[in-house]
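Each number in my numbering corresponds to the 1-based position in the sequence shown with 49 added.
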Amino acid sequence: MNAASEDRPADLGAAAPPRTDVEEQLLELWSRWVQVRPLGVRDQFFALGGDSLAAIQLVAAVQRHYGIRLDRTRVFEAFTVESMAELVGELR
């Protein structure tokens with residue numbers, strides 16, 4: 050997990066705020082593995098510096114938090130808080 054934070058790169062644009070409780074909770078979980086601040090719900094995990102090991106750890110943390118089993122293929126297709134929140138919503 051990453052402890053230090055970095056300023057958001059200008060090329061990412063503005064951080065899209067969470068619209069739901071699940072998105073807000075997921076942003077909190079993501080912040081354990083992604084250093085960029087502020088995080089937005091449409092940010093791509095790997096574009097923020099996340100790597101495959103961190104991605105697997107994050108998916109496992111989300112599964113534990115919500116008591117669900119995520120299809121890793123679907124998670125990795127569009128790895129954003131927004132898309133992950135949709136998957137969580139489908140499985141809850």
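Backbone N, C-alpha and C fix where the C-beta goes; we use that ideal spot for every residue, glycine too.
C-alpha distance - residue i paired with residue j, whole-angstrom precision
| i | j | result |
| --- | --- | --- |
| Thr69 | Glu55 | 25 Å |
| His114 | Phe128 | 18 Å |
| Phe94 | Ala59 | 16 Å |
| Ala63 | Ala96 | 14 Å |
beta-carbon residue i near the ligand GTP non-hydrogen atom, thresh 8 Å
| i | result |
| --- | --- |
| Ala96 | You won't find the ligand GTP in this model; it holds no ligand whatsoever. |
Rounded Cβ spacing between residue i and residue j (contact assumed at less than 8 Å)
| i | j | result |
| --- | --- | --- |
| Ala104 | Leu78 | Contact flag wrong, Cβ pair sits at about 12 Å. |
| Val130 | Val90 | 4 Å |
| Gly98 | Gln112 | About 22 Å; that fails the 8 Å criterion. |
Distance CB(residue i)-CB(residue j) smaller than 9 Å
| i | j | result |
| --- | --- | --- |
| Leu140 | Arg118 | yes |
| Pro67 | Leu75 | yes |
Beta-bridge pairing of residue i - partner residues as DSSP gives them
| i | result |
| --- | --- |
| Arg86 | Asp56 |
Quick check for students: name the residue ranges of the alpha helix (DSSP H) that lie wholly in the stretch 57 to 123, counting only runs of 4 or more.
70 to 79, 101 to 115
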